[in-house]
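There are 2 protein chains.
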Amino acid sequence: MALSHAILVSLLDRPQTGYELAKRFERTVGFFWKASHQQIYQQLHKMAAQGLIDGETVAQAERPNRIVYALTADGQQALQEWVATPTAPPSVKEELLVKLFALGEAAPETLLRQIAARQGLHRERLAEYQALREQHYPQPSGLKPRQRGRYLGLRLGILLEQASLAWCAEALELVGALDEPAPRANENASDGDPPLAR
Amino acid sequence: MALSHAILVSLLDRPQTGYELAKRFERTVGFFWKASHQQIYQQLHKMAAQGLIDGETVAQAERPNRIVYALTADGQQALQEWVATPTAPPSVKEELLVKLFALGEAAPETLLRQIAARQGLHRERLAEYQALREQHYPQPSGLKPRQRGRYLGLRLGILLEQASLAWCAEALELVGALDEPAPRANENASDGDPPLAR
DNA sequence: GCTGCATATGCAACGATTGGCATAAAGCGG
DNA sequence: CCGCTTTATGCCAATCGTTGCATATGCAGC
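Line by line, the protein sequences give chains W and Z.
When you number the first sequence by this note's numbering, it's gap-free, plus one each residue, and the end is 198.
When you number the second sequence by this note's numbering, it's gap-free, plus one each residue, and the end is 396.
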């Protein structure tokens, strides 16, 4: 119910082929919505059948044909309607945190390694994002509307990476402390079911 | 490839019925991994067929029978192996950010409302999490291993909610500025494809 | 007494997503 | 000139996830 919308949004910029869409998904919209090329091609067929987009085949000399998709009036309307629809909270899939729930049953070293790996990832991304920000969005208040949306995406990326990094530091410390000095004994104490969230 | 693992982790605490698992998913593991009860029941059947868990039917007077599932040795081993496996980065599905990409094409007021709604959600959650933290995890360094995992989950929740709130404030300001004073003209300037991320 | 909620489990249909594979040609490096 | 990567599109199978529905009972509140 939403990959189609992400595609519509992307086509707003200009008509594109499936291949282009797939590549752009890796750089822009895809930061908030991942999709593989198979998924995109299939979705494009469906959307064309529904009349949301319109594909035009362009023959190319000595290259495979390309199919360039553009928004139809229906597609634009569908997009407008979707934007006006209340947004569901983001769905979460944080494997690492699920693993941490097994802490006490599993070797802490294994988890330490994975947290460190995660830390590296966040560091890389943060550096990337900050570079992009400096290059492309020097002063946000001067941006045109469409750029503001993109800037805000980047901004959320930066804030979340920073928060994640702070968490990694805490986690390394807290899990690391288990490794060497402690006796790691006696886990089954009284507590009925110490809740966490939601 | 991971709901089964989340269930295994949850069964680590104690044997549980599908119903209990579904309810706990709303409070604990489910913060990082959502699942509906239908999904859980189906998964339980599969896992029982694979020998990862073992279900025992308990007849109850004047209540539907319950099926209590417990980890088998195979299940425990599968869990250990999974924990030792490198963790994939979390998958993201942030609908709101996709919508922001349509900024300039769509009415800013609509988006403002949705950002405000999101802000409310984050505020609520943050308050919840902080209350839980104060109640259950007064001093993290004194926690037993298993509690540390849970504490870290809560901690990440708090950090991410705070970051999200900071973002909401920025977003409201930047999108709100579009609403009243500006002429909102001329969007199609030079820029080829200002990238964002990844 | 009716309504709604909580307990407790499940099926069926559909849609979303992933992974493997296939085709086809151009350009690049060794 | 051989193999690798890039461009460009697609099928198929399997799994994962969501929505709607069904069943059965007990308890609390109106």
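Each residue gets a CB set at the ideal place from its N, CA and C atoms; glycine is no exception.
Find out if the Cβ-Cβ distance for the pair residue i, residue j is shorter than 8 Å.
i	j	result
V373/Z	R148/W	yes
K34/W	W231/Z	no
V68/W	T17/W	yes
T110/W	A282/Z	yes
L132/W	E161/W	no
A314/Z	L152/W	no
L269/Z	L219/Z	no
Q200/W	S91/W	A query on residue 200/W cannot be resolved here, the shown segment of chain W reaching from 1 to 198 and no further.
F299/Z	R24/W	no
L154/W	Y137/W	yes
Select from the options the residue whose C-alpha is nearest the C-alpha of residue i.
i	options	result
L363/Z	R321/Z, K221/Z, A271/Z	R321/Z
A276/Z	A177/W, C168/W, K93/W, E105/W	E105/W
Q274/Z	L219/Z, Q248/Z, R316/Z, A257/Z	Q248/Z
E326/Z	G355/Z, L206/Z, V207/Z	G355/Z
Q38/W	Y19/W, R118/W, A48/W, I53/W	Y19/W
P338/Z	E173/W, S141/W, L121/W	E173/W
A73/W	T87/W, I53/W, P86/W	I53/W
P86/W	E293/Z, E279/Z, Q278/Z	E293/Z
V9/W	L143/W, N65/W, E81/W	E81/W
R146/W	Y239/Z, Q317/Z, L376/Z	L376/Z
K144/W	G340/Z, P306/Z, Q328/Z	P306/Z
M366/Z	E332/Z, Q317/Z, G340/Z	The question names Met, but residue 366/Z is Cys in the sequence shown. Nearest of E332/Z, Q317/Z, G340/Z to C366/Z, Cα basis: Q317/Z.
So with Cβ pairs under 8 Å, would you call residue i a contact of chain W?
i	result
A387/Z	Low confidence applies here, because A387/Z scores a pLDDT of 42, under 50, leaving its location unreliable; read the following figure in that light. Cβ-Cβ to chain W under 8 Å: yes for A387/Z.
A300/Z	yes
E368/Z	yes
Q278/Z	yes
E322/Z	no
K297/Z	yes
P381/Z	Since pLDDT at P381/Z reaches only 48, below the 50 mark, its modelled position is unreliable, and the value read off the structure follows with that caveat. No, its Cβ sits nowhere closer than 8 Å to a Cβ of chain W.
K244/Z	no
P288/Z	yes
E332/Z	no
Measure from the C-beta of residue i to each C-beta in chain Z and report whether the shortest distance is under 8 Å.
i	result
V9/W	yes
T110/W	yes
V68/W	no
H5/W	yes
G153/W	yes
P86/W	yes
A166/W	yes
S36/W	no
V175/W	yes
Y114/W	Inspection of the sequence shows that residue 114/W is occupied by Gln rather than by Tyr. Cβ-Cβ to chain Z under 8 Å: yes for Q114/W.
V58/W	no
Mind reading off the beta-carbon distance from residue i to residue j? Whole number of angstroms is fine, and I expect it under 8 Å.
i	j	result
A163/W	A361/Z	4 Å
Note down, in chain order, all residues in the stretch 335-348 of chain Z with a beta-carbon under 9 Å from any beta-carbon belonging to chain W.
So the list reads Y335, P338, S339, L341, K342, P343, R344, Q345, R346, G347, R348, given in the order they occur along the chain.
If you measure beta-carbon to beta-carbon, which residues of the stretch 19-30 of chain W are closer than 7 Å to chain Z?
For chain Z, the residues of the stretch 19-30 of chain W that bring a beta carbon within less than 7 Å of one of its beta carbons are E26, R27, T28, V29, G30, in chain order.
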